[in-house]
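One structure is given here, and the rest of the page talks about it.
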Amino acid sequence: MNTDNYSSKLTLNDWSLINNIKDAYDTSTLDCDTIRINNYSLVDSTLKDFLNDEQQMFRSLIQFYKKIPHFKQINLEDQIILIKCNITHLIHIHHVLKDNFVESPKIGLYMSKWISPDFHQQMSKTRHSLDYFIQYPMVLKIVLVAFMFIINLSRLPYNQLSIQLIDKNLIIQHQHFFITLLWKYLNVIYKEKDAIHAIQFIVFQFLRYQLLMSEMESIILDQFNSDQFHPLIKSVLRLT
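Heads up: the sequence shown is residues -7 to 232, going by the working numbering.
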């Protein structure tokens, strides 16, 4: 831990906020069913079943954001837009945290059948890359907050998203605030060179998940009618 040069950069207010993020995440996700993968079958279960069951994970993550004061400050319509733009990438980080960085081997069997072995291999590789933070899971909890405010890496073109947002300046302000908090925290646990690498690495994995989810959404649109999905899933997958 690189405490000599950087611990002073995290103020008491910063540490308090980090603890509040941890508490908000832990209390919002207590009821997540992390073993439901055991309920599926290669014979009877489908991708549709899996995605509809994902509503619990999405709902718990949304509850987490509702406990973040900065998120509640922005216009409700903007909150919905940010969730639609970013949550399908961030949900994977949520899974990593709730699974304690351990991937069930069964997910590989199901995803290989429901989508393709190559898709699963890419998704699994991206997931396991987050093992980089296995000793510091708090990094990923801060990432969940910081990257919810990201608009310049969004699934929507920046100019299109900017037109839709009502509180764009406030969102950019919060984005800068939490990215700075993440940077300061990384400089506490790593040397500066490693902190720079960690930031670059996080952005890259976020973009990787973005590409993979775009591929999955194309498959969903080809294989299923949107009416087959739970309303929340339809919304976050932008099937409506």
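Quick reminder that beta carbons are idealized off the backbone N, C-alpha and C, glycines included. Since the model is a prediction, treat every value here as computed from it, not as a measurement.
Inter-residue CB distance, residue i and residue j (contact presumed, cutoff 8 Å)
{"i": "residue 43", "j": "residue 225", "result": "5 Å"}
{"i": "residue 233", "j": "residue 179", "result": "Residue 233 lies beyond the range of the chain shown here (-7 to 232); nothing can be said about it."}
{"i": "residue 63", "j": "residue 55", "result": "That belief does not hold up - the Cβ atoms of residue 63 and residue 55 are roughly 11 Å apart, past 8 Å."}
{"i": "residue 156", "j": "residue 73", "result": "6 Å"}
Alpha-carbon spacing of residue i relative to residue j, whole angstroms
{"i": "residue 84", "j": "residue 198", "result": "10 Å"}
{"i": "residue -1", "j": "residue 194", "result": "Unreliable placement is indicated for residue -1, whose pLDDT of 47 sits below 50; no coordinate value is reported for it."}
{"i": "residue 134", "j": "residue 17", "result": "10 Å"}
{"i": "residue 183", "j": "residue 130", "result": "17 Å"}
{"i": "residue 91", "j": "residue 228", "result": "22 Å"}
{"i": "residue 170", "j": "residue 3", "result": "14 Å"}
{"i": "residue 61", "j": "residue 206", "result": "30 Å"}
{"i": "residue 24", "j": "residue 50", "result": "10 Å"}
{"i": "residue 237", "j": "residue 37", "result": "Outside the shown range of the chain (-7 to 232) lies residue 237, about which nothing can therefore be said."}
{"i": "residue 125", "j": "residue 29", "result": "24 Å"}
{"i": "residue 106", "j": "residue 93", "result": "23 Å"}
{"i": "residue 108", "j": "residue 75", "result": "27 Å"}
{"i": "residue 48", "j": "residue 187", "result": "33 Å"}
{"i": "residue 102", "j": "residue 5", "result": "45 Å"}
{"i": "residue 219", "j": "residue 230", "result": "12 Å"}
{"i": "residue 168", "j": "residue 160", "result": "12 Å"}
{"i": "residue 196", "j": "residue 189", "result": "10 Å"}
{"i": "residue 164", "j": "residue 144", "result": "9 Å"}
{"i": "residue 185", "j": "residue 213", "result": "43 Å"}
Own chain, CB closer than 7 Å to residue i, minus 5 neighbours either side, in chain order
{"i": "residue 201", "result": "81, 84, 118"}
{"i": "residue -5", "result": "Unreliable placement is indicated for residue -5, whose pLDDT of 46 sits below 50; the coordinate value is still reported in the next sentence. Once the five neighbours on either side are set aside, the close Cβ partners of residue -5 are 180."}
{"i": "residue 211", "result": "107"}
{"i": "residue 19", "result": "none"}
{"i": "residue 216", "result": "40"}
{"i": "residue 239", "result": "Nothing can be reported for residue 239: it is not among the residues displayed for the chain, which extend from -7 to 232."}
Below-8 Å beta-carbon distance, residue i vs any chain D residue
{"i": "residue 85", "result": "Going by chain labels, chain D is absent from the structure shown, which holds only one protein chain."}
Pick from the options that is closest to residue i, judged by C-alpha positions
{"i": "residue 110", "options": "143, 208, 47, 217", "result": "208"}
{"i": "residue 240", "options": "86, 64, 68", "result": "For the chain, the structure presents residues -7 to 232; residue 240 sits outside this window and is missing."}
{"i": "residue 1", "options": "221, 104, 175", "result": "175"}
{"i": "residue 112", "options": "137, 39, 53", "result": "39"}
{"i": "residue 120", "options": "51, 96, 101", "result": "96"}
{"i": "residue 191", "options": "172, 203, 204", "result": "172"}
{"i": "residue 8", "options": "230, 177, 216, 128", "result": "177"}
{"i": "residue 66", "options": "141, 98, 116", "result": "141"}
{"i": "residue 115", "options": "203, 143, 52", "result": "203"}
{"i": "residue 52", "options": "34, 68, 136", "result": "136"}
{"i": "residue 11", "options": "59, 34, 35", "result": "59"}
{"i": "residue 104", "options": "69, 68, 162, 34", "result": "34"}
Sequence-distant residues of the same chain with beta carbon closer than 8 Å to residue i, five excluded per side
{"i": "residue 14", "result": "130, 133"}
{"i": "residue 41", "result": "32"}
{"i": "residue 98", "result": "29, 30, 32"}
Sequence-distant residues of the same chain with beta carbon closer than 6 Å to residue i, five excluded per side
{"i": "residue 122", "result": "88"}
{"i": "residue 100", "result": "112"}
Exposure of residue i, with buried meaning 16 or more beta-carbon neighbours within 10 Å
{"i": "residue 27", "result": "exposed"}
{"i": "residue 22", "result": "exposed"}
{"i": "residue 158", "result": "exposed"}
{"i": "residue 166", "result": "buried"}
{"i": "residue 221", "result": "buried"}
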